[in-house]
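Residue numbers (UniProt numbering): 1 to 392. Ideal Cβ positions, reconstructed from N, Cα and C, are used throughout, including at glycine.
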């Protein structure tokens with residue numbers, strides 16, 4: 001076959017009857033080229049199941065995806081999106097034929113593949129691990145804890161307020177009270193009992209913190225029922241000191257000791273730990289400086305109490321004043337010029353050491369706004385730093 005290319009359309013007619021001349025390497029018409037010397041006949045080809053070339057020539061030619069390599073160490077080229085889809089559908093990319101350049105696997109190739117296909121002839125290799133572990137079944141209490149705390153973090157918009165409290169006066173009063181209680185054979189008072197009492201009184205003063213979110217309304221409680229977080233072998237439980245604002249420190253101490261013992265023995269009755277309007281979680285005895293607690297639904301607040309640390313503070317009795325000093329060389333009544341005086345402002349700062357405790361209030365923002373939470377924390381701080389005011 002010959003193709004003649006001309007530069008102008010008018011030249012096409014000149015080549016209408018053109019007959020090509022025989023070339024040196026092409027025999028003239030009527031003569032057949034002499035066959036080449038006979039060579040050793042090649043062995044007959046093996047039988048093939050493929051269709052003949054003639055039949056294949058009649059079929060339309062379509063691009064054929066290059067099959068990926070099947071070797072164990074062969075690298076599979078795939079787009080990032082294809083890798084993501086394969087991971088989600090559990091498809092082995094080594095078994096997917098790629099239609100991209102150089103057999104690259106595309107997202108469409110993965111979508112057309114069958115999930116769960118594996119590379120033929122290659123055994124799956126289990127991942128090597130040296131981990132040693134023990135699985136424990138979930139107790140009913142652990143399941144309840146997980147459900148409630150997950151619900152709390154997923155549905156309650158938490159925010160946190162932190163302050164430091166000087167507990168030096170509480171420690172002093174507690175020492176005197178316990179000396180008297182010990183003589184009477186009564187239960188000693190702990191710092192946590194002061195915290196319960198102060199929390200109850202602050203909740204009565206700022207009732208918004210003593211409330212619950214009920215979906216389409218807010219419920220505000222008339223009594224401060226303080227839930228106390230107690231750690232047991234089975235998990236966390238919160239027995240309740242009901243109407244804590246009406247009880248004295250000695251009564252609160254006795255109730256807390258009884259409830260904690262029953263909680264650790266698994267003898268609490270449902271009415272002793274279900275409910276509550278405000279929760280206290282104290283980890284100070286475990287050496288924790290500060291932390292943020294998860295709200296106990298449907299309550300609106302929980303107070304996280306850290307341990308007391310000794311710090312250096314400025315003493316409130318520090319003095320300051322103003323002093324006038326005469327700087328003229330002559331007495332004022334002898335000088336012809338105006339008298340000369342210098343005013344000196346002075347401060348005498350005193351320092352003291354005191355035990356300071358960090359507390360963090362977690363609030364439900366649906367119920368307690370930030371300013372309201374700050375008011376509650378201020379009231380609590382005042383009661384703790386002036387514990388005698390709890391008796392009024």
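Which residue's Cα is closest to the Cα of residue i: the options?
i, options, result
"residue 306", "294, 282, 300", "282"
"residue 308", "354, 254, 296, 266", "354"
"residue 255", "197, 209, 275", "197"
"residue 88", "113, 368, 141", "113"
"residue 349", "251, 177, 372, 314", "314"
"residue 151", "97, 252, 294, 106", "294"
"residue 388", "269, 253, 177, 183", "177"
"residue 203", "184, 225, 183", "225"
"residue 236", "148, 214, 301, 251", "148"
"residue 102", "79, 91, 111", "79"
To the nearest angstrom, how far is it from the Cα of residue i to the Cα of residue j?
i, j, result
"residue 376", "residue 361", "9 Å"
"residue 109", "residue 76", "13 Å"
"residue 245", "residue 363", "21 Å"
"residue 263", "residue 312", "39 Å"
"residue 382", "residue 290", "19 Å"
"residue 168", "residue 222", "32 Å"
"residue 200", "residue 378", "14 Å"
"residue 105", "residue 96", "7 Å"
"residue 317", "residue 391", "25 Å"
"residue 233", "residue 98", "57 Å"
"residue 134", "residue 270", "32 Å"
"residue 173", "residue 386", "10 Å"
"residue 185", "residue 268", "26 Å"
"residue 85", "residue 93", "10 Å"
"residue 142", "residue 241", "23 Å"
"residue 162", "residue 243", "26 Å"
"residue 91", "residue 366", "46 Å"
Please check the pair residue i and residue j, which I expect to be a contact at CB under 8 Å, by giving their CB distance rounded to whole angstroms.
i, j, result
"residue 220", "residue 211", "5 Å"
"residue 286", "residue 359", "Actually they do not touch by this definition, with Cβ atoms about 15 Å apart."
"residue 170", "residue 191", "6 Å"
"residue 188", "residue 181", "6 Å"
"residue 384", "residue 164", "Contact flag wrong, Cβ pair sits at about 11 Å."
"residue 368", "residue 208", "6 Å"
"residue 249", "residue 194", "7 Å"
Counting only the same chain and skipping the five closest in sequence on each side, list residues whose C-beta sits under 7 Å from that of residue i.
i, result
"residue 299", "212, 276, 277, 278, 279"
"residue 370", "159"
"residue 352", "313, 315"
"residue 81", "107"
"residue 292", "160, 304, 360, 362"
"residue 206", "372, 375, 376, 379"
Sorted by chain position, which residues of the same chain lie with C-beta nearer than 6 Å to residue i's C-beta, five sequence neighbours on each side aside?
i, result
"residue 41", "The predicted model places residue 41 with a pLDDT of 48, which falls under 50 and marks its position as unreliable, so this point remains unresolved."
"residue 284", "305, 306, 307"
"residue 156", "295, 364"
"residue 415", "Within the shown structure, residues of the chain are numbered from 1 to 392, placing residue 415 beyond reach of any answer."
"residue 393", "As displayed, the chain neither begins before 1 nor continues past 392, which places residue 393 out of reach and without an answer."
Excluding the five sequence neighbours on either side, which residues of its own chain have a C-beta within less than 8 Å of the C-beta of residue i, listed in chain order?
i, result
"residue 238", "227, 228, 229, 230, 273, 276, 279, 296"
"residue 288", "306, 307"
"residue 310", "353, 354, 355, 356"
"residue 214", "298"
"residue 260", "228, 230, 239"
"residue 146", "138"
Taking 6 Å as the cut-off, is the beta-carbon of residue i closer than that to any non-hydrogen atom of the ligand PLP?
i, result
"residue 359", "Because no ligand of any kind appears in the structure shown, any question about the ligand PLP cannot be addressed here."
Using a Cβ-Cβ distance cut-off of 7 Å, determine whether residue i contacts chain D.
i, result
"residue 99", "Protein chains in the displayed structure number just one, and chain D is not present."
Along the chain, which unbroken stretches of the alpha helix (DSSP H) at least 4 residues long are found entirely within the region 163-228? Counting only runs of 4 or more, we get 168-184, 191-205.
Please give me, in chain order, every unbroken run of the beta strand (DSSP E) with length at least 3 that falls completely inside the region 267-296. Within the region 267-296, the runs of beta strand (DSSP E) at least 3 residues long that lie entirely inside it are, in chain order, 278-282.
Ordered list of alpha helix (DSSP H) runs contained in the region 351-385, each at least 4 residues: Listed in chain order, the alpha helix (DSSP H) elements of length 4 or more contained wholly in the region 351-385 are 370-385.
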